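Since the structure comes first, as structure tokens, the remarks are kept for the end.
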Amino acid sequence: MKKTRIKSVLLPLALALPVYAVQAAEEVTEAELQRQFNEIKTRLAQLEQGKVATKEQESNTDMSFYGTLRPTFGVTSTDESDDWDVGDALSRIGFAAEHKLSNGMIGFAKGEFKVQIQGDAHFGDARKAYVGIKGDFGRIAIGKQETTHYALIGIPVDIFNRTNTPLGYDDVSVFRKQELVSYRKSFGNFEIRGEAQFSGEDKQNEGSDLVNAGVSYTGSDYSLAFAYLTQDFDGTDKNTLGFSATKSIGDWYFAAAYLDLEHDVVGGDITTIDVVATYAINSQYKLLFGASQLDDEQAAVNSKDVARFNTTLEWQGTKDFRLFIEYQHNEYDNDDVNLSVSDSDQLTVGMRYNFDYKF
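Positions -24 to -1, 1 to 335 (mature numbering (1 follows the signal peptide of the UniProt record, and there is no 0)) are the ones given, in order, by the sequence shown.
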């Protein structure tokens, strides 16, 4: 009887213990889950803050990868021979970046490199490589970059799909220079700009080897520019004055550039003039015209006075791709006595593919 009573007491306890155990386990599990849930919320908040910071950082930087590939094929005819050749019209690739700084200024950088399709099709030298900063004070950059002379005098008449362009400017003036410190500033329609070259390897000249400065005015459909360039060499100087003007009238564009170069070694002024025009036939076809004249004031036996005439027809299938056919005549005034030069005619066809990817 006693054993039966003990069993009857223990039986409810035995049945209740598993229930208590399950409830205790459930309480522990809920607490653990709550802790893990809180950790997840904290981690998500941290990730969200990091994402926002990353987006802000990305939005402060703009980059682009760009380029232009320009193969040509043509013939150069002289009295002696006809030379056929695959050429290259200044193909290049490059990258550019701008980064917004916390003080409202902008840091920027650019690297641009030749792609030499002609010959062994190698990856060539740097055309541009510089870093700078700009703001309300203007723009300052250090490195290899365009000169003021090319920007203000050369670019307005640089319209053709060839290496030696602008036709007259190419003979005597500068395009890009390394080791430059440059400054630019715009005041409404006016822009002033200048740069100086500092080469530590040049032991002949103290200070700057090149100083270039200019000013331009840009109106609604025209522009005017003036630039002065001085270069110091061992025992001699080279000084160049340049002027340019442009005008747009309907589907026509006109431009002219003039250079007057004084070189101590030459013993006389060298002058060049480029005159160009373009006419948009329609949205796809364009005609390009150009003429240039170089006078070097040298004796006939040494003179390289030359006149050049160019006519080009372009077909622009899209904004990034075009075909062209070009004819150019080069006529030297003294090729009968200066045997180092000769008249020539050039007929060239080519293609041009441009790209610019921004991210």
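Glycine is no exception: its CB is placed at the ideal position from the N, C-alpha and C atoms.
None of these values were measured; they are calculated from a predicted model.
What did DSSP end up calling residue 317 once you bin it into helix, strand or coil? coil
Coarse secondary structure for residue 326, derived from DSSP in three states: strand
What does residue 306 pair with, by DSSP beta-bridge criteria? 284, 320
What whole-angstrom Cβ distance do residue 343 and residue 39 have, given they're in contact under 8 Å? No answer is possible for residue 343: the residues shown for the chain start at -24 and end at 335.
Where residue 1 and residue 13 are concerned, what is the direct C-alpha to C-alpha distance, given to the nearest angstrom? Residue confidence for residue 1 is low, a pLDDT of 48 falling below 50, so the modelled location carries little weight; the figure read from the coordinates is stated next. Spanning the two alpha carbons is a distance of roughly 18 Å.
Could you work out which residue in 140, 144, 207 is closest to residue 173 when comparing CA atoms only? 207
Separation of residue 270 from residue 76, as counted between CA atoms: 46 Å
Pull up the distance between the alpha-carbon of residue 294 and that of residue 330, whole angstroms please. 10 Å
Would you decide whether residue 149 is buried or exposed? Buried here means 16 or more other CB atoms lie within 10 Å of its CB. buried
For a quick check, are the C-beta atoms of residue 80 and residue 105 less than 8 Å apart? no
Would DSSP call residue 279 helix, strand or coil? coil
Roughly how many angstroms separate the alpha carbons of residue 69 and residue 122, rounded to a whole number? 16 Å
Distance, residue 5 Cα to residue -14 Cα: A caution first: residue -14 carries a pLDDT of 44, below 50, which makes its placement in the model too unreliable to give a value.
Applying the criterion that 16 or more other CB atoms from any shown protein chain within 10 Å of the CB defines a buried residue, is residue 35 buried or exposed? exposed
Just verifying my parser: in three-state terms, what is the DSSP assignment at residue 47? strand
Take residue 168 and list the residues in its own chain whose beta-carbon comes closer than 6 Å to its own, dropping the five residues that flank it on each side. 161, 191
Does the count of Cβ pairs from the stretch 108 to 116 and the stretch 213 to 231 closer than 8 Å reach three? no
What would DSSP say about residue 173, mapped onto helix, strand or coil? strand
Nearest to residue 303 by alpha carbon, out of 11, 49, 9, 45? 49
Determine, using beta carbons only, whether residue 203 and residue 129 come nearer to each other than 8 Å. yes
By the 10 Å Cβ neighbour count, where 16 or more other Cβ atoms means buried, how is residue 233 classified, buried or exposed? buried
With three or more C-beta pairs closer than 8 Å as the rule, is the stretch 126 to 143 touching the stretch 96 to 105? no
What's the C-alpha gap between residue 201 and residue 278? 32 Å
Where residue 25 falls: helix, strand or coil (DSSP): helix
Residue 98 (DSSP reduced to helix, strand or coil): coil
Quick one: is residue 333 buried, meaning 16 or more other Cβ sit within 10 Å of its Cβ, or exposed? exposed
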